[in-house]
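**Student:** Respectively, the protein sequence lines represent chains E and P.
The first sequence begins at 1 in our numbering and counts up one residue at a time.
The second sequence begins at 1 in our numbering and counts up one residue at a time.
All C-beta atoms, glycine included, are put in the ideal place defined by N, C-alpha and C.
Remember, it's a predicted structure, so these values are computed and weren't measured experimentally.
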Amino acid sequence: MRRHRRPGFKASLPLVVTLAALLLGGCGLGKQSALSPAGPVAQAQLSMLWQSLAIMTVIFIVVLAVFVYSLIRFRARKTDTELPKQVHGSTALEIVWTIIPIIIIVALSISTVHYAFVLETPQTGKNAVQVQVIGHQFWWEFRYPGTGVVTANQVHIPVGKKVNFTLQSADVVHSFWVPRLGGKTDLIPGRTNTLWLEASKAGVYYGQCAQLCGAGHAYMKFTVLAQSPAAYTAWLHHMQTDTVSVTTPEEKAGLALFKQNCSTCHTIQGTPFHGNIGPNLTALATRPTIAAGTLPNTAQGLATWLKNPPAAKPGAKMPDLGLSQSQIQSLVAFLQTLK
Amino acid sequence: MAAITERVAIAHAQERNYRGIWAWLATVDHKKIGIMYIYAALFFMAFGGAEALLVRIQLWQPNNHLVSAETFNQLFTMHGVTMIFLVAMPILIGYINAIVPLQIGARDVAFPRMNALSLWLFVLGGIFLYTSWFMGGAPDAGWFNYVPLSGAHYSPGAGVDFYDIGLQITGIGTLMTAINFLVTILNMRAPGMRLLRMPMFTWSALITMLLILFAFPPITVNLILQMMDRLFHATFFNIPLGGNALLWQNLFWIFGHPEVYIVILPAFGIISEIIPTFSRKPLFGYESMALALSVIAFLSFMVWTHHMFADGLGPIVNSIFAITSMLIAVPTGIKIFNWLATLWGGQIRFTTANLYALAFIPLFVIGGISGVMLAMAPADLQYNDSYFVVAHFHYVLFGGTLMGALAGLYYWFPKIWGRLLNEKLGRLNFWLVFIGFNVTFFPMHILGLEGMPRRISTYAPGYGWTTPNQIATVGAFILLAGMLVLLYNLISTFMKQPDLVQDPWDARSLEWSIPSPTPEYNFAQIPLVEDRDAYWVAKREGSGELPKAEPVGPIHMPSPSLSPFFLAVTIVIAGYAALLHADWLALIALLAAFWQIGLQLVHEDHGYHVHPDVPTGGATE
Numbered sequence: 001m002r003r004h005r006r007p008g009f010k011a012s013l014p015l016v017v018t019l020a021a022l023l024l025g026g027c028g029l030g031k032q033s034a035l036s037p038a039g040p041v042a043q044a045q046l047s048m049l050w051q052s053l054a055i056m057t058v059i060f061i062v063v064l065a066v067f068v069y070s071l072i073r074f075r076a077r078k079t080d081t082e083l084p085k086q087v088h089g090s091t092a093l094e095i096v097w098t099i100i101p102i103i104i105i106v107a108l109s110i111s112t113v114h115y116a117f118v119l120e121t122p123q124t125g126k127n128a129v130q131v132q133v134i135g136h137q138f139w140w141e142f143r144y145p146g147t148g149v150v151t152a153n154q155v156h157i158p159v160g161k162k163v164n165f166t167l168q169s170a171d172v173v174h175s176f177w178v179p180r181l182g183g184k185t186d187l188i189p190g191r192t193n194t195l196w197l198e199a200s201k202a203g204v205y206y207g208q209c210a211q212l213c214g215a216g217h218a219y220m221k222f223t224v225l226a227q228s229p230a231a232y233t234a235w236l237h238h239m240q241t242d243t244v245s246v247t248t249p250e251e252k253a254g255l256a257l258f259k260q261n262c263s264t265c266h267t268i269q270g271t272p273f274h275g276n277i278g279p280n281l282t283a284l285a286t287r288p289t290i291a292a293g294t295l296p297n298t299a300q301g302l303a304t305w306l307k308n309p310p311a312a313k314p315g316a317k318m319p320d321l322g323l324s325q326s327q328i329q330s331l332v333a334f335l336q337t338l339k
Numbered sequence: 001m002a003a004i005t006e007r008v009a010i011a012h013a014q015e016r017n018y019r020g021i022w023a024w025l026a027t028v029d030h031k032k033i034g035i036m037y038i039y040a041a042l043f044f045m046a047f048g049g050a051e052a053l054l055v056r057i058q059l060w061q062p063n064n065h066l067v068s069a070e071t072f073n074q075l076f077t078m079h080g081v082t083m084i085f086l087v088a089m090p091i092l093i094g095y096i097n098a099i100v101p102l103q104i105g106a107r108d109v110a111f112p113r114m115n116a117l118s119l120w121l122f123v124l125g126g127i128f129l130y131t132s133w134f135m136g137g138a139p140d141a142g143w144f145n146y147v148p149l150s151g152a153h154y155s156p157g158a159g160v161d162f163y164d165i166g167l168q169i170t171g172i173g174t175l176m177t178a179i180n181f182l183v184t185i186l187n188m189r190a191p192g193m194r195l196l197r198m199p200m201f202t203w204s205a206l207i208t209m210l211l212i213l214f215a216f217p218p219i220t221v222n223l224i225l226q227m228m229d230r231l232f233h234a235t236f237f238n239i240p241l242g243g244n245a246l247l248w249q250n251l252f253w254i255f256g257h258p259e260v261y262i263v264i265l266p267a268f269g270i271i272s273e274i275i276p277t278f279s280r281k282p283l284f285g286y287e288s289m290a291l292a293l294s295v296i297a298f299l300s301f302m303v304w305t306h307h308m309f310a311d312g313l314g315p316i317v318n319s320i321f322a323i324t325s326m327l328i329a330v331p332t333g334i335k336i337f338n339w340l341a342t343l344w345g346g347q348i349r350f351t352t353a354n355l356y357a358l359a360f361i362p363l364f365v366i367g368g369i370s371g372v373m374l375a376m377a378p379a380d381l382q383y384n385d386s387y388f389v390v391a392h393f394h395y396v397l398f399g400g401t402l403m404g405a406l407a408g409l410y411y412w413f414p415k416i417w418g419r420l421l422n423e424k425l426g427r428l429n430f431w432l433v434f435i436g437f438n439v440t441f442f443p444m445h446i447l448g449l450e451g452m453p454r455r456i457s458t459y460a461p462g463y464g465w466t467t468p469n470q471i472a473t474v475g476a477f478i479l480l481a482g483m484l485v486l487l488y489n490l491i492s493t494f495m496k497q498p499d500l501v502q503d504p505w506d507a508r509s510l511e512w513s514i515p516s517p518t519p520e521y522n523f524a525q526i527p528l529v530e531d532r533d534a535y536w537v538a539k540r541e542g543s544g545e546l547p548k549a550e551p552v553g554p555i556h557m558p559s560p561s562l563s564p565f566f567l568a569v570t571i572v573i574a575g576y577a578a579l580l581h582a583d584w585l586a587l588i589a590l591l592a593a594f595w596q597i598g599l600q601l602v603h604e605d606h607g608y609h610v611h612p613d614v615p616t617g618g619a620t621e
């Protein structure tokens with residue numbers, strides 16, 4: 001009848017090698033990696049990952065060892081003549097493998113509950129920086145309460161301070177996630193959530209929306225710019241006092257075009273433009289990207305965007321304004337003055 | 001004998017009123033219904049798999065534009081909806097249909113006609129969902145269809161209407177299946193088949209049906225509320241008008257988490273049949289296995305918020321649900337260790353069925369490990385909605401449910417179809433699927449930890465995501481090759497002569513004590529059950545014949561009927577009419593459906609009698 005064969009252990013060897021290579025080779029620690037924490041929240045979460053993974057790996061190795069040993073040792077042989085011993089169970093053993101998992105769960109529960117309270121308690125104290133985040137299809141609005149400063153898609157925070165983000169949505173559910181600083185929290189219409197994060201080092205941290213929010217979900221990115229407290233304060237001051245100065249004829253033409261085509265939706269500090277549908281464009285030229293991380297903030301990127309926004313970014317709410325090539329050039333020249 | 005043959009011919013006359021395809025449309029036989037469930041599930045699996053492959057090709061490289069973002073959202077939504085509602089559940093319900101009545105020594109289910117209605121609601125509901133691709137676009141708000149994205153304002157197309165109405169149609173069928181099998185298992189067991197003598201697969205079916213009974217009402221409420229919103233401008237989920245976004249999420253996951261167990265418990269049951277059979281030992285810790293199933297089912301209703309850890313519900317709620325979620329590891333661990341103990345000291349035969357069953361163990365443990373990690377609420381904030389979650393649930397749903405389903409396919413195929421699948425092709429099939437599965441889904445753990453959110457239609461270069469995505473895509477094609485080998489194995493097996501082997505595996509439960517394929521009346525004489533694994537005991541301690549609980553005699557069979565099929569068609573017409581805002585037609589179709597249900601209530605089926613084929617002088621008349 002059937003040939004009694006070992007179940008291809010040799011065949012599974014390449015698989016094991018592949019998996020190991022994946023584990024080692026895959027962990028390149030990219031710029032949006034939860035495995036390279038840059039603040040206490042992400043650090044705590046990573047420590048929980050290692051704690052649980054270590055315990056679970058031990059369990060997995062035990063299971064795998066028993067499993068593989070059984071498959072080799074107790075495989076059917078041609079010499080089998082009698083039935084194996086018919087064992088129906090063992091109360092003692094069954095109690096053992098009920099109690100051991102319970103002990104492990106108690107251990108994991110302690111850190112879970114501890115960190116739940118540490119990480120999920122809003123930081124409303126005086127020392128914490130308050131930032132209001134409003135999610136839009138498909139971009140991020142950041143407001144600094146009490147300062148009047150509003151920006152989009154790049155949030156500035158001071159290094160070494162707890163930042164308390166209050167999270168709200170203007171339309172559908174979004175999720176605010178900066179893996180190197182910490183885990184995500186959803187922005188739910190009709191609710192106000194909070195999330196606190198802290199950056200230990202100055203730098204740019206990458207984030208993006210983690211909850212499906214429509215066609216542009218993949219294009220709803222943002223950056224966190226962690227600055228020294230002095231630089232942060234200077235930035236806030238700059239944002240409050242920013243003025244627009246256009247000099248060349250092209251920039252002036254761009255300003256006129258902006259007034260005519262863009263000001264219903266966009267605000268620029270220091271101008272009479274106070275539209276509140278699209279992102280606030282104050283100091284736009286200082287941001288690394290436009291359209292929530294979709295395009296580089298260069299003349300080329302701006303031109304691509306202005307030519308046909310929904311073509312550059314699926315689901316973009318900004319319509320194709322039908323601008324001519326020269327109009328686009330003027331607008332780009334104007335937008336690049338917004339420093 | 002001639003007289004008997006004649007009587008059988010007369011008895012079958014009614015069945016023969018329906019020929020060819022009509023015989024299938026009119027059947028109320030649980031075995032044929034089971035076969036159709038399995039065929040339909042495999043059919044939908046081809047579509048769900050094709051959607052997955054398109055997703056994987058789209059993610060092959062950064063900034064890929066093979067499909068648009070809008071199409072991508074439809075692809076993964078339909079992939080999820082298909083695999084959960086049109087593949088995983090139906091294939092398992094197919095096995096439950098084909099096998100559970102045999103395992104408990106019954107001749108059919110309690111309500112054969114309702115059983116046919118369940119089948120047709122699933123099949124036609126599934127086709128209804130798929131016609132969305134040709135009628136303005138498939139659902140695109142994800143399989144959990146969060147509001148307000150899925151509301152009329154943000155999803156104005158008909159896609160979400162197909163979701164709301166299609167899942168109601170299939171859901172009615174599933175709920176009736178639950179009622180049907182609860183009554184069948186509790187009331188129609190053969191004499192002596194006590195609850196604690198039932199095979200573990202039947203146990204898993206019983207507990208699964210209880211889960212369906214309690215889990216489907218919340219999703220149905222959700223679907224109805226949203227249908228009211230979308231078709232009739234109600235405001236349950238319209239936030240500016242006082243609707244509540246979390247209402248959907250709570251109701252959905254109160255269904256959604258038990259749903260995970262609805263599709264894994266029967267797989268546990270399958271594994272619990274196969275591992276003892278191919279170890280030639282009884283299932284280790286039978287009572288604790290049955291108890292573990294029940295505890296998992298109970299706990300599954302108190303963990304739903306772990307899908308909502310990132311909703312900002314606060315540390316108290318998250319702590320409580322984190323602990324209840326982790327607790328599920330205890331009964332699950334019991335099951336894993338009991339399977340290992342069943343293997344221990346056995347004589348293990350590596351048939352394809354057993355390879356799949358054995359692979360289930362380490363793969364499900366990996367899914368369990370990531371499951372416990374996900375349950376740690378504060379850490380989950382990093383994993384939630386990332387590819388880590390995608391990896392996790394594919395390890396439990398593919399590594400668990402589908403491995404179990406494929407194990408069951410190879411195991412019960414000779415019983416259901418009277419033919420053994422080719423073992424050589426089976427092994428090739430297994431190794432391709434096993435390797436393809438791991439190559440596809442293991443890198444997704446890393447992608448998630450590297451910060452890749454799920455459901456993004458593309459990504460920029462420079463995140464370190466390209467290589468793992470390419471490995472995953474290669475894996476998906478290895479999987480495809482594995483499934484094509486399965487398809488070839490199925491086709492070539494159907495082309496050959498039936499083997500008609502009654503008990504090819506030297507198995508343990510009652511379904512193996514009767515011929516393959518099983519006659520329409522199942523048991524010529526209902527057996528008397530005196531032990532757990534009664535058939536195994538009869539083979540070891542006697543002639544292999546089970547004692548009988550009744551003399552040979554004519555067997556009463558329910559009449560075939562086309563009415564379940566037509567009722568299902570009527571309900572689907574009402575669905576299309578509602579979706580197309582043809583309100584009058586919808587109303588007429590619904591009234592017609594209720595009229596047909598009323599007819600069924602007053603209709604008295606006298607059935608017909610079959611005289612069983614008893615091999616040696618068993619006939620009493």
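Give the single residue among P:W60, P:V572, P:G607, P:L397 whose Cα lies nearest to the Cα of G126 of chain P.
**Tutor:** Checking every option, the nearest Cα to that of G126 of chain P belongs to P:V572.
**Student:** Below 8 Å on C-beta distance, what does P189 of chain E contact in chain P?
**Tutor:** Going along chain P in sequence order, the residues near P189 of chain E (Cβ under 8 Å) are P148, I239, A245.
**Student:** Report the option in P:G136, P:P504, P:F214, P:D380 whose CA atom is closest to the CA atom of G256 of chain P.
**Tutor:** Minimum Cα distance to G256 of chain P is reached at P:F214.
**Student:** Answer yes or no: do Q74 of chain P and G34 of chain P have a C-beta to C-beta separation smaller than 8 Å?
**Tutor:** Against a cut-off of 8 Å, the Cβ pair of G34 of chain P and Q74 of chain P comes out as no contact.
**Student:** Using 8 Å as the threshold, is the segment 392-407 of chain P in touch with the segment 454-462 of chain P, meaning 3 or more CB pairs across them?
**Tutor:** Short answer: they don't touch.
**Student:** Under 9 Å Cβ-Cβ, which residues of chain E neighbour G137 of chain P?
**Tutor:** Simply none; closest approach about 12 Å.
**Student:** I'd like to confirm the pairing. Which residues does DSSP put opposite R143 of chain E in its beta bridges?
**Tutor:** Per DSSP, E:Q132, E:V150.
**Student:** Output yes if chain P places a C-beta closer than 8 Å to the C-beta of A76 of chain E; else output no.
**Tutor:** So, interface residue.
**Student:** On the CB-based measure, 16 or more other CB atoms within 10 Å of its CB, does H556 of chain P come out buried or exposed?
**Tutor:** So H556 of chain P ends up on the exposed side.
**Student:** Following the continuous alpha helix (DSSP H) through M36 of chain P, name the residue where it begins and the one where it ends.
**Tutor:** Element bounds for M36 of chain P: 30-58.
**Student:** Residues in its own chain within less than 7 Å of M135 of chain P by CB, not counting five upstream and five downstream?
**Tutor:** Correct list, in chain order: A158.
**Student:** If I'm right that A44 of chain E touches V129 of chain E with Cβ under 8 Å, what's the distance once you round it to whole angstroms?
**Tutor:** About 19 Å; that fails the 8 Å criterion.
**Student:** Quick check: F138 of chain E and G346 of chain P, are their CB atoms within less than 8 Å of each other?
**Tutor:** For F138 of chain E and G346 of chain P, no; Cβs fall outside 8 Å.
**Student:** Taking a cut of 9 Å between CB atoms, which residues from the segment 381-415 of chain P lie near chain E?
**Tutor:** For the segment 381-415 of chain P, which is checked against every Cβ of chain E, the residues closer than 9 Å are L381, Q382, Y383, N384, D385, S386, F388.
**Student:** Give the residues of chain P in contact with L71 of chain E, contact being defined as C-beta atoms less than 9 Å apart.
**Tutor:** Result: L343, I348, F350, L358.
**Student:** Determine the direct distance from the alpha carbon of G270 of chain E to that of S326 of chain E, and round the result to whole angstroms.
**Tutor:** Each residue's alpha carbon lies about 26 Å from the other.
**Student:** Does the pairing of the segment 243-252 of chain P with the segment 165-175 of chain P give three or more beta-carbon distances under 8 Å?
**Tutor:** Counting Cβ pairs under 8 Å, fewer than three are found: no touch.
**Student:** Give a yes or no on whether 8 Å exceeds the smallest Cβ distance from Y373 of chain E to chain P.
**Tutor:** Since the first residue shown for chain E is 1 and the last is 339, residue 373 of chain E is missing from the structure and cannot be characterised.
**Student:** Do Q596 of chain P and S559 of chain P have their CB atoms nearer than 8 Å?
**Tutor:** No, the Cβ-Cβ distance between Q596 of chain P and S559 of chain P is not below 8 Å.
**Student:** Anything in chain E within Cβ reach of V485 of chain P, meaning under 8 Å, just list it in chain order.
**Tutor:** Going along chain E, no residue has its Cβ under 8 Å from V485 of chain P, so there is no contact; the nearest lies around 15 Å.
**Student:** Specify, as a first and last residue, the run of the alpha helix (DSSP H) that N193 of chain E falls within.
**Tutor:** From DSSP, N193 of chain E is part of no alpha helix (DSSP H) but of the beta strand (DSSP E) over 193-197.
**Student:** Counting along the chain, where does the alpha helix (DSSP H) carrying D380 of chain P start and finish?
**Tutor:** Unbroken alpha helix (DSSP H) run through D380 of chain P: 377-383.
**Student:** Would you mind reading off the limits of the alpha helix (DSSP H) that contains I555 of chain P?
**Tutor:** From DSSP, I555 of chain P is part of no alpha helix (DSSP H) but of the beta strand (DSSP E) over 555-557.
**Student:** The alpha helix (DSSP H) spanning K184 of chain E covers which residue range?
**Tutor:** Careful: K184 of chain E lies outside any alpha helix (DSSP H), inside the beta strand (DSSP E) at 182-187.
**Student:** In whole angstroms, what separates the C-alpha of V610 of chain P from that of Y521 of chain P?
**Tutor:** Taking the straight line joining both Cα atoms gives about 8 Å.
**Student:** Out of E:D186, E:T282, E:T289, which one is the CA nearest neighbour of Y206 of chain E?
**Tutor:** For the residues E:D186, E:T282, E:T289, the minimum Cα distance to Y206 of chain E belongs to E:T289.
**Student:** Suppose you measure from the CA of G634 of chain P to the CA of N261 of chain E; what does that come to, to the nearest Å?
**Tutor:** In the structure as shown, chain P begins at 1 and stops at 621. Residue 634 of chain P is therefore absent and cannot be evaluated.
**Student:** Under the three-state reduction of DSSP, which class applies to Y627 of chain P: helix, strand or coil?
**Tutor:** Because chain P here runs from 1 to 621, residue 627 of chain P falls outside it and cannot be looked at.
**Student:** Tell me which residues of the segment 266-283 of chain P have at least one Cβ-Cβ distance to chain E shorter than 9 Å, keeping chain order.
**Tutor:** Cβ contacts with chain E come from F278, S279, R280, K281, P282, L283.
**Student:** With a threshold of 8 Å between beta-carbons, can I361 of chain P be considered close to chain E, or not?
**Tutor:** With 8 Å as the cut-off, I361 of chain P counts as an interface residue toward chain E.
**Student:** Between the segment 98-109 of chain E and chain P, which residues of the former have a C-beta closer than 7 Å to a C-beta of the latter?
**Tutor:** Within the segment 98-109 of chain E, the residues whose Cβ lies closer than 7 Å to some Cβ of chain P are T98, P101, I102, I105, L108, S109, listed in chain order.
**Student:** For chain A, check one thing: does any of its Cβ atoms lie closer than 8 Å to the Cβ of K161 of chain E?
**Tutor:** Looking at the structure shown, chain A is missing, and the protein chains on hand are E and P.
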